[in-house]
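K.L.:
This structure is in structure tokens; I'll ask about it shortly.
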């Protein structure tokens with residue numbers, strides 16, 4: 001029989017968007033019911049959730065986890081200076097083990113700030129998969145592929161192997177997408193091969209699109225089309241696409257994206273820090289496009305705090321559109337959870353606290369002064385909460401964080417390994 | 001003899017902008033020296049600061065502390081709808097006692113997030129002064145004055161009384177400025193009386209200026225001048241001015257402000273949430289204008305977290321100016337501390353960790369995963385830290401927060417009082 005767990009007396013953000021005092025019953029990896037206590041339901045373990053808020057764990061739809069290794073190494077620089085003189089030279093020294101420990105550091109931080117699923121694009125991906133498997137977190141993994149790089153062929157091969165070995169692995173916690181890096185690193189001929197591979201594997205695609213004005217300009221010059229239009233022409237958008245950034249879009253781009261059901265990973269913190277621009281989130285949502293939130297890598301953010309991204313998404317849309325009603329709190333929370341799950345192809349499985357969904361749950365303590373007075377818990381969560389409020393986190397019904405302490409990871413060892421490797425890489 | 005205290009072995013952000021492992025010696029309310037241990041210096045009390053970062057306490061240059069009472073009461077609304085239908089009706093019910101407890105809730109939150117000084121503009125200001133006096137925090141207080149309100153005369157009188165009774169009170173922790181609310185609530189004739197009073201008391205002025213595009217437009221229509229030019233004409237800028245917001249400025253405005261040494265309270269979170277716009281911070285700094293940071297009230301932010309404002313100031317300037325080099329981390333930290341102190345007329349007294357300055361110090365724990373690896377502690381503080389990292393806070397050499405616990409305030413009572421009063425006010 002499956003192990004049962006009862007979260008008692010929490011404020012629960014329910015499937016209908018309201019918050020009510022409820023219990024959450026968990027059987028094995030799934031939510032059995034949400035509501036008031038049922039006398040005939042016996043729990044192996046009960047957690048008192050008085051004065052705690054229960055939400056679906058945050059879904060980080062775009063990051064490069066192992067880049068925690070480069071956190072605070074190089075900031076406040078122009079993009080190409082930063083890449084050419086700092087990040088790329090350091091990345092060339094990366095080993096598979098480095099990527100494992102860098103990913104582990106990211107996972108430590110993500111779990112402690114309430115994230116239960118992350119979508120990653122990097123290399124040495126079996127190591128990232130192993131870190132996800134070891135830690136208990138949920139992950140959607142893509143081997144980044146650059147058609148212009150010497151590793152172009154190898155990357156296609158590794159992507160296929162990753163898909164075959166890890167898709168639906170680790171109790172179903174890991175899924176795999178193909179990760180052509182971007183139109184400016186993947187020429188049309190290469191993208192056609194990616195599309196062919198995606199069709200053969202029935203894999204979806206995770207790609208950077210229209211992140212900077214310069215990228216769009218170059219694409220127009222070289223191909224006479226925007227990156228979105230080019231991807232559409234090449235059949236990329238027919239594979240099921242998670243498009244990261246989407247900052248610089250035309251109306252026609254948005255119409256194509258809506259038609260092709262492209263899902264967007266919006267990364268407000270990274271877009272601000274790298275001065276990429278402000279994505280038209282309100283316009284995307286109005287067109288019925290699914291928009292999730294991501295942190296991007298810790299080298300360009302510089303943390304993996306989804307609470308911060310959720311707040312930024314709400315604030316940035318308002319100031320972009322001169323409209324204090326743009327992206328209200330409830331929408332931002334939905335983007336950080338349910339819509340993020342949909343963006344990763346996990347809709348109906350995670351991102352909602354309701355019977356039948358996987359038990360991926362984050363509990364926040366409401367003790368802090370910033371949670372008072374309490375007129376509206378969703379507003380408080382989106383506009384006032386701190387990531388330090390995260391108290392308990394579970395994935396697939398398994399507790400990964402208990403009263404602020406990790407249960408599956410030796411945090412001190414991770415910090416030590418990541419720090420010493422980072423120093424070697426950046427020497 | 002003054003009591004002595006030694007902060008041992010901290011990472012100290014020094015007056016020269018570098019971070020070095022040092023001790024900080026405190027004698028009474030002042031920093032005696034910063035450096036390596038002196039054998040002949042005896043401390044009554046030693047605090048081990050291993051793996052802690054010491055910075056000057058944050059200076060919040062603009063807030064309305066008691067508005068914590070309206071936190072999460074009304075969000076995602078247009079400004080006038082919010083004011084007329086929510087905030088003003090609730091404010092009309094406020095009592096002096098409500099303002100005391102609302103201010104106390106703000107002070108609890110500010111201390112716990114590392115703020116040691118705040119500049120406040122509201123009413124029932126003797127209660128705010130009492131809360132500052134009771135709690136041990138430093139405050140710069142202004143009775144908000146609206147010339148168009150029935151309280152116009154009373155406000156002038158109360159401002160003078162506040163100045164006489166509280167300026168330099170509470171061991172010098174409290175200073176008083178005059179607080180004409182804004183050009184659109186204070187007609188020229190009224191502002192001339194404020195200027196006259198300021199001259200008589202030798203008091204400086206705290207005022208909202210050029211917060212919204214609409215305000216500037218109306219001012220141009222009614223007076224044929226921008227708010228800055230109008231204030232200059234009326235002599236307001238000759239009093240020593242702390243100008244909150246300054247979002248919509250002309251080049252000529254910036255030239256006037258530089259000439260008149262106007263100091264700016266930049267409130268990025270509030271400006272984003274209310275969709276007021278993005279202040280030209282890079283341009284202000286380039287013109288040599290002193291810019292500090294503020295949270296604005298918790299009804300429009302919705303927290304009082306200066307770490308968040310510091311990060312937003314750095315990120316928002318970059319995306320506004322399409323320049324990832326705009327407002328680098330060190331500048332943002334300087335704005336949140338030393339420049340904030342200057343903005344409040346407290347330059348040379350607080351905002352720097354050096355001998356002779358008041359011992360207003362915030363210690364952050366570096367244990368969290370987001371503080372690893374550690375290439376650059378200033379970058380980590382500005383781009384990655386959480387307010388939950390704040391461990392110890394002192395003002396005037398007195399410890400107000402010790403390992404996350406308040407030493408001078410009964411936090412549970414404050415939360416209880418603020419919550420029950422808030423419910424009454426918003427019924």
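Protein chains in written order, with the UniProt record's numbering: chain A, 1 to 427; chain B, 1 to 427.
The C-beta atom is built at its ideal place from N, Cα and C for all residues, glycine as well.
#1: Just curious, the beta strand (DSSP E) that residue 9/A is in, first and last residue?
#2: On the criterion of 16 or more Cβ atoms from any shown chain inside 10 Å, does residue 303/B qualify as buried, or is it exposed?
#3: Quick check: what's the CA-CA separation for residue 359/B versus residue 54/B?
#4: Is there a Cβ of chain B sitting closer than 8 Å to that of residue 271/A, yes or no?
#5: For the stretch 287 to 301 of chain A, which residues have a beta carbon sitting closer than 9 Å to at least one beta carbon of chain B?
#6: When the cut-off is 8 Å and only beta carbons count, does residue 75/B lie next to chain A?
#7: Which one of 292/A, 77/A, 393/A, 419/A has the shortest CA to CA distance from residue 103/A?
#8: Considering only the beta carbon of each residue, do residue 46/A and residue 271/B sit closer than 8 Å?
#9: Can you grab the Cα-Cα spacing for the pair residue 258/B / residue 290/B, in whole Å?
#10: Note down, in chain order, each residue of its chain lying with its Cβ closer than 8 Å to the Cβ of residue 160/A, except the 5 sequence neighbours on either side.
#11: For the stretch 180 to 257 of chain B, which segments carrying the beta strand (DSSP E) assignment without a break, of at least 3 residues, lie completely within its bounds, in sequence order?
#12: Any chance you could list the beta strand (DSSP E) runs of at least 3 consecutive residues sitting entirely within the stretch 5 to 83 of chain B, in chain order?
#13: Which term fits residue 148/A, buried or exposed, when burial requires 16 or more other beta carbons within 10 angstroms of its beta carbon?
#14: What residue range is occupied by the uninterrupted alpha helix (DSSP H) comprising residue 379/A?
#15: Looking at the unbroken alpha helix (DSSP H) that takes in residue 337/B, where does it start and where does it end?
#16: Strictly by DSSP, which residues pair up with residue 266/B?
#17: Does the beta carbon of residue 227/B come closer than 8 Å to any beta carbon on chain A?
#18: Of all the options 171/A, 191/A, 277/A, which has the alpha carbon lying nearest to the alpha carbon of residue 215/A?
#19: Tell me, which residues are paired with residue 145/B by DSSP?
#20: For residue 210/B, is the classification buried or exposed, using 16 other Cβ atoms within 10 angstroms of its Cβ as the cut-off for buried?
#21: Under 8 Å, Cβ to Cβ, is there at least one residue of chain B near residue 8/A?
#22: Could you have a look at residue 273/B and say whether DSSP puts it in helix, strand or coil?
#23: Find the residues of chain A that neighbour residue 105/B, judging by a C-beta separation of less than 7 Å, and give them in chain order.
#24: Name the chain A residues that come within less than 7 Å of residue 323/B, Cβ to Cβ?
#25: Please classify residue 352/B: does DSSP put it in a helix, a strand, or coil?
#26: At the level of alpha carbons, what is the spacing between residue 332/A and residue 313/A?
#27: Taking C-beta to C-beta, are residue 143/B and residue 179/B nearer than 8 Å?
#28: Please list, in chain order, the residues of the stretch 379 to 390 of chain B that have any C-beta partner in chain A closer than 7 Å.
#29: Hey, could you find the ends of the alpha helix (DSSP H) residue 357/A is sitting in?
#30: Start and end of the beta strand (DSSP E) containing residue 402/B?
#31: Less than 8 Å between the C-beta atoms of residue 66/A and residue 2/A, yes or no?
#32: Take the Cβ of residue 168/B as the centre, count every other Cβ of all protein chains shown within 10 Å, and call the residue buried at 16 or more, exposed below.
#33: Please specify which runs of the alpha helix (DSSP H), each continuous and at least 4 residues long, are wholly inside the stretch 106 to 148 of chain A, giving them in chain order.
#34: To the nearest angstrom, how far is it from the Cα of residue 324/A to the Cα of residue 375/B?
#35: Which residues bound the alpha helix (DSSP H) around residue 447/A?
#36: Any beta-carbon of chain A closer than 8 Å to the one on residue 71/B?
P.N.:
Reading from the atomic positions:
#1: The continuous beta strand (DSSP E) containing residue 9/A extends over residues 4 to 13.
#2: buried
#3: 11 Å
#4: yes
#5: 298, 301
#6: For residue 75/B, the answer is yes, since a Cβ of chain A falls inside 8 Å of its Cβ.
#7: 419/A
#8: no
#9: The alpha-carbon atoms of residue 258/B and residue 290/B are separated by roughly 9 Å.
#10: 197, 201
#11: 205 to 209, 241 to 245
#12: Taking 3 residues as the minimum length, the beta strand (DSSP E) runs contained wholly in the stretch 5 to 83 of chain B are 19 to 27, 30 to 35, 45 to 48, 52 to 56, 58 to 63, in order along the chain.
#13: exposed
#14: 377 to 383
#15: Careful: residue 337/B lies outside any alpha helix (DSSP H) and carries neither H nor E.
#16: Residue pairing of residue 266/B in beta bridges, as defined by DSSP: 293/B.
#17: no
#18: 277/A
#19: 180/B
#20: buried
#21: no
#22: helix
#23: 369, 372
#24: 275
#25: coil
#26: 7 Å
#27: yes
#28: Listed by position, the residues of the stretch 379 to 390 of chain B near chain A (Cβ gap below 7 Å) are 379, 380, 383, 384, 386, 387, 388.
#29: From DSSP, residue 357/A is part of no alpha helix (DSSP H); its letter is neither H nor E.
#30: 398 to 402
#31: Remark: C-beta atoms of residue 66/A and residue 2/A do not approach each other more closely than 8 Å.
#32: exposed
#33: 125 to 135
#34: Answer to the nearest angstrom: the Cα atoms are 38 Å apart.
#35: Residue numbering for chain A in the displayed model covers 1 to 427; residue 447/A lies beyond these limits and cannot be assessed.
#36: Taking 8 Å as the threshold, the shortest C-beta distance from residue 71/B to chain A falls below it.
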